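Quick note, the sequences are listed as chains Z and C, same order.
Be aware that the first sequence starts at 1, since it is given in my numbering, and climbs by one per residue.
Be aware that the second sequence starts at 126, since it is given in my numbering, and climbs by one per residue.
We treat Cβ as the ideally placed atom computed from N, Cα and C, and that holds for glycine.
All figures in this text were calculated on a predicted structure; none of them were measured in a lab.
2 protein chains.
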Amino acid sequence: MSLEKVNLADKFARFDFVKENATQQRIVGEVNDCYVKLSKFKGEFIWHQHENEDELFLIIKGKLTLRLRDKDIELKEGEFFIVPRGVEHLPIAEEEVHILLVEPKSTLNTGNIVGDRTVPVVERI
Amino acid sequence: MSLEKVNLADKFARFDFVKENATQQRIVGEVNDCYVKLSKFKGEFIWHQHENEDELFLIIKGKLTLRLRDKDIELKEGEFFIVPRGVEHLPIAEEEVHILLVEPKSTLNTGNIVGDRTVPVVERI
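Written out as structure tokens, the structure is:
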């Protein structure tokens with residue numbers, strides 16, 4: 001339990017975007033059964049879904065497309081989208097995007113598709 | 126379940142700050158067992174706590190002081206603080222502040238202090 005505030009810009013400055021098509025995530029808070037995570041991303045991730053978890057994407061900087069099976073959700077700074085559990089989605093970003101995520105602690109970045117892009121343990125900063 | 130994105134500025138434009146020392150809140154999303162709420166606030170609220178709910182305050186515009194019993198948390202745009210369950214807090218804003226809240230659906234705005242400033246039903250926009 002932290003009784004310190006979080007400055008988003010400061011936290012984003014503390015980790016780097018590493019490689020395309022992978023997620024770089026850090027945990028920056030716990031609220032109820034959820035983590036607050038920051039993510040830097042560029043490229044095209046993989047189609048996946050989370051069976052039991054809704055996932056909130058709030059864009060802090062840049063643009064993100066969340067491709068769903070029937071439409072694209074185009075997000076820019078100051079916009080959020082909640083991917084409901086069970087809904088397949090594919091994150092796409094042409095340029096590096098900074099995202100705040102709120103999702104249950106049980107959430108794997110690749111959801112139901114466990115493979116070489118799965119990051120089971122996310123570092124706290 | 127909404128499959129639409131939320132633009133924070135658009136949503137904040139859809140309701141007004143009404144009077145000092147009261148909370149004006151709207152529900153703009155559901156994520157797991159939580160609501161995402163937007164709040165416009167100015168003045169001094171009341172000391173209260175939430176017995177079973179952590180409460181995330183992310184500042185979208187302006188400044189907010191969260192007074193705790195042992196220190197003040199000073200928040201500005203781009204900063205958040207999570208008030209853990211059971212921690213007494215008093216929100217204070219000299220000027221109107223716009224806040225994004227993430228908190229369990231069961232959360233009352235006045236927590237354990239039910240009175241004339243309690244708003245049991247929050248409108249969705």
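Relative to the alpha-carbon of R151/C, which residue among K130/C, L183/C, I224/C, L128/C has its alpha-carbon at the smallest distance? I224/C
Could you confirm whether any beta carbon from chain C is found closer than 8 Å to the beta carbon of G78/Z? yes
Using a Cβ cut-off of 8 Å, which residues of the segment 42-57 of chain Z contact any Cβ in chain C, in chain order? Result list: E53, D54, E55, L56.
Assign A138/C to buried or exposed, taking buried as 16 or more other Cβ atoms, counted over all protein chains shown, within 10 Å of its Cβ. exposed
Report yes if the C-beta distance between L193/C and V222/C is below 8 Å; otherwise report no. no
Could you please give the first and the last residue of the uninterrupted alpha helix (DSSP H) stretch that includes D10/Z? 8-12
In whole angstroms, give me the CA-to-CA distance for G29/Z and D141/C. Taken atom to atom, the span from the alpha-carbon of G29/Z to that of D141/C is near 30 Å.
Which residues in chain C have a C-beta closer than 8 Å to the C-beta of A9/Z? List them in chain order. Simply G203.
Proximal residues to L64/Z (C-beta, below 7 Å), its chain only, five neighbours per side dropped: F57, L75, P91, A93, V97, I99
By the DSSP assignment, the beta strand (DSSP E) with Q24/Z in it spans what residues? Unbroken beta strand (DSSP E) run through Q24/Z: 24-31.
Would H214/C and Q174/C qualify as a contact pair, given that the criterion is a beta-carbon distance under 8 Å? yes
Given I207/C as reference, the closest of V18/Z, A22/Z, D10/Z, C34/Z once Cα atoms are compared: C34/Z
So which residues on chain Z does V247/C lean against when the C-beta distance must stay under 8 Å? Here the premise fails: no neighbours, minimum Cβ distance about 17 Å.
Taking C-beta to C-beta, are K130/C and F45/Z nearer than 8 Å? no
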